[in-house]
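Residue numbers (our numbering): 23 to 290. Quick reminder that beta carbons are idealized off the backbone N, C-alpha and C, glycines included. Report on one structure; see the data block that follows.
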């Protein structure tokens, strides 16, 4: 996994270099008082902090000694060429990064037990059949027998069926995987279906379904977010059952129930 760590370090260093370099080169700008400042980072996928537990089908835990844990996910995208007249044709290009982590708060020293890293590059389209085409890598950063990783090419489309109801479809092709998880397609398949319903301006209800190449391997997630005007986040309740919530146990069926806070991250 040293190659993965080197890749992640290089990408992060590149982003920091571009961001700092553009700041150093910029002179005092003339900004229209009515114009919103440029935003190069945007929230991406899910951003939340939750408490709960994961149990395997036989009642065991995927992480040694775990009872309750804190699971959080962070995600953002970075635009390389926004506001650059010289590279207008590259405006749709984005770099995305998301990460899921599990923090065991019940053990001595409260260790982190699993991280799943997910960098990607994608291109946004204005097309009736495709919204996004991209390449993504996902791994748990481990080495040896605990190493899990795979690379995918994917296409994604969101269909607006009503003012408050959308359907998301993501299709992918696995281009490489590790010897330790060569059968990952049997469990995590090649497609994800998402249903999103907003009954009012404070509530979001979602369902996600993944079917493995093995037709008996089905995973689904259901979650609800509820926003209150006095809270700068939303209450979050999520249930997961199936395979691959954590890469380390991708081939073992598990279920989890968690509650926490969902962060819009609109200040990025």
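Cutting at 7 angstroms between CB atoms, please list the residues of its own chain near residue i, excluding the five before and the five after it.
i, result
"residue 280", "72, 73, 74, 93, 260"
"residue 175", "157, 194, 195, 197"
"residue 103", "109, 112, 113, 115"
"residue 282", "70, 71, 72, 73, 258"
"residue 277", "77, 262, 263"
Confirm, please, whether the CB-CB distance from residue j to residue i is below 9 angstroms.
i, j, result
"residue 206", "residue 197", "no"
"residue 231", "residue 84", "no"
"residue 169", "residue 202", "yes"
"residue 243", "residue 225", "no"
"residue 78", "residue 275", "yes"
Taking DSSP as the reference, what is the three-state secondary structure of residue i?
i, result
"residue 166", "helix"
"residue 281", "strand"
"residue 111", "helix"
"residue 203", "helix"
Closest to residue i by C-alpha separation, out of the options, would be which residue?
i, options, result
"residue 204", "136, 135, 189, 167", "167"
"residue 143", "150, 113, 266", "113"
"residue 5", "249, 243, 95, 120", "The structure shown does not extend to residue 5, since the chain is modelled only from 23 to 290, so the question has no answer here."
"residue 63", "100, 241, 278", "100"
"residue 98", "76, 78, 149, 65", "65"
"residue 96", "223, 124, 252", "124"
"residue 147", "266, 122, 132, 179", "179"
For residue i, which residues of its own chain have a beta-carbon under 6 angstroms away from its beta-carbon, when the five flanking residues on both sides are left out?
i, result
"residue 199", "172, 206"
"residue 216", "190, 230"
"residue 89", "128"
Residues in its own chain within less than 8 angstroms of residue i by CB, not counting five upstream and five downstream?
i, result
"residue 284", "68, 69, 70, 247, 255, 256, 257, 258"
"residue 162", "136, 137, 138, 139, 168, 169, 170, 171, 268, 269, 270"
"residue 219", "186, 187, 226, 227, 228"
Exercise. Touching or not, the segment 205 to 224 and the segment 182 to 197, by the rule of three or more beta carbon pairs under 8 angstroms?
Worked result: yes
For this session: Examine the Cβ distances between the segment 111 to 131 and the segment 234 to 247 and report whether three or more of them are shorter than 8 angstroms.
Result: no
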